[in-house]
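Engineer: Counting along the sequence shown from 1, when you hit position 148 you're at 147 in numbering that gives the first Met the number 0, and nothing is skipped either side.
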Amino acid sequence: MVDLLATNTDSVRAFLALLAYYLPRTLLFVAFMPLLGKGSNSGLIKSAIGIAIVLLPVQIAFASSFPHPATQDFVVFTLVTEVMLGTLLGLTIALPYYIFMAFGALIDVYRGATFAAQANGQDSGEQLPIENLFGLLFTALIFAGPGLHAITQHLLYSYATFPPGLIQVGNFDTWVVALVQLVVDYLAFAVLLSGPILIIIMLVEFAMEILSSFTPQMQVYSLQFGLRSVFGIAGLILVLEFAEEEIFRIFGDYSTTLSTLLGLVP
0 MVDLLATNTD SVRAFLALLA YYLPRTLLFV AFMPLLGKGS NSGLIKSAIG IAIVLLPVQI
60 AFASSFPHPA TQDFVVFTLV TEVMLGTLLG LTIALPYYIF MAFGALIDVY RGATFAAQAN
120 GQDSGEQLPI ENLFGLLFTA LIFAGPGLHA ITQHLLYSYA TFPPGLIQVG NFDTWVVALV
180 QLVVDYLAFA VLLSGPILII IMLVEFAMEI LSSFTPQMQV YSLQFGLRSV FGIAGLILVL
240 EFAEEEIFRI FGDYSTTLST LLGLVP
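If you want it as structure tokens, here you go:
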């Protein structure tokens, strides 16, 4: 293929045109990946990953002489549908990530750790300890667990099932419904994950209220933040220990959902 491109200017133009059709979906998909949107080099990292991923389907389409008429209507339709599909694929990663982050922040608020927010050197913002932990937990499941392989595989499958320019806009109704259901599942899981910890923190606070009413001279409130943190973190460790199978089950359901949407499972 390299020799063909080197000796034929039309082939170079055709390859670049094909790359322009395929690239928007992958770039939008990569743009939603957690922890890749921070820092001064995030744009370069995302672009490099997106181009590396998209080269495989582009080479296959180029070798099979995939038709790509250069009409204005086709270009506009292809761009719109690729942006829509890339956004939907990317949201399947981003929404669960931010749900986990939000409930981690909720735990920090209830245990009184808002004063312990730490400056983030990457974006000059602030993050709470357990909020950051929940974000890292989900990111670890994506990058170190089965998530990244499944997501990348489904992205490549999407090019085989829905080539650029051959997608019907009506097909996105099913995607929107599946995306909403995916968000609901992750939201419910985040509630179940953080609920026991919040209950433990509230019970500690209730016990301290009772103790302080009988022994006001002890000044129990000086220990409340430390006790909330100790019992809250202990509860978090226990919950994560027992939630391991549920986490992998959710990723299995996620993979099945994407397979169904891409037509890989009847």
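Ideal Cβ positions, reconstructed from N, Cα and C, are used throughout, including at glycine. Note that the structure is a prediction, hence the values are computed from the model and not measured.
Does DSSP put L127 in a helix, in a strand, or in coil?
Structural biologist: Looking at L127 - three-state DSSP - the assignment turns out to be coil, as it is neither helix nor strand.
Engineer: Measuring from the CB of E204, is there a heavy atom of the ligand NAD at a distance below 7 Å?
Structural biologist: Only the bare structure without any ligand can be found here, which leaves the ligand NAD out of the picture.
Engineer: Restricting to Cα atoms, I'd like to know which of P23, V75, P95, T255 is closest to V179.
Structural biologist: P95
Engineer: When we look at the beta-carbon of M32 and count the other beta-carbons within 10 Å, is it buried (16 or more) or exposed?
Structural biologist: buried
Engineer: R227: which of A93, T255, E208, L27 sits nearest, CA to CA?
Structural biologist: For R227, the nearest C-alpha among the options comes from E208.
Engineer: Roughly how many whole angstroms lie between the Cα atoms of F28 and V74?
Structural biologist: If you draw a straight line from the Cα of F28 to the Cα of V74, it comes to about 20 Å.
Engineer: How is T77 classed by DSSP in three states: helix, strand or coil?
Structural biologist: helix
Engineer: Compute the beta-carbon to beta-carbon distance between G85 and R12, rounded to the nearest angstrom, for a pair I have assumed lies under 8 Å.
Structural biologist: Cβ-Cβ separation between G85 and R12: approximately 24 Å, too far for a contact (criterion under 8 Å).
Engineer: Since I92 and I106 are thought to touch, with beta carbons under 8 Å apart, how far apart are those beta carbons, to the nearest angstrom?
Structural biologist: Between the beta-carbon of I92 and that of I106 there is about 22 Å, and that puts the pair past the 8 Å contact cut.
Engineer: May I have the straight-line CA-CA distance separating F133 from A139, to the nearest angstrom?
Structural biologist: 10 Å
Engineer: Among L26, L15, P163, whose alpha-carbon lies nearest the alpha-carbon of T151?
Structural biologist: Answer by Cα proximity: L26.
Engineer: For a quick check, are the C-beta atoms of P195 and Y21 less than 8 Å apart?
Structural biologist: no
Engineer: I'd like to check one pair, G234 with I331: are the Cβ atoms closer than 8 Å?
Structural biologist: Residue 331 is absent from the structure shown; the chain starts at 0 and stops at 265.
Engineer: Can you tell me whether DSSP reads T214 as helix, strand or coil?
Structural biologist: coil
Engineer: Would you kindly work out how many angstroms separate the C-alpha atoms of F137 and T160, rounded to a whole number?
Structural biologist: Each residue's alpha carbon lies about 28 Å from the other.
Engineer: With a cut-off of 8 Å on the beta carbons, I'd call I98 and L191 a contact; round off their distance for me.
Structural biologist: Their Cβ separation, rounded to whole angstroms, is 12 Å, which puts I98 and L191 out of contact at 8 Å.
Engineer: Let me know the secondary structure DSSP gives P23 once reduced to three states.
Structural biologist: helix
Engineer: May I have the straight-line CA-CA distance separating T77 from T255, to the nearest angstrom?
Structural biologist: 27 Å
Engineer: Within 10 angstroms of the Cβ of L210, are there 16 or more other Cβ atoms? Answer buried if so, exposed if not.
Structural biologist: exposed
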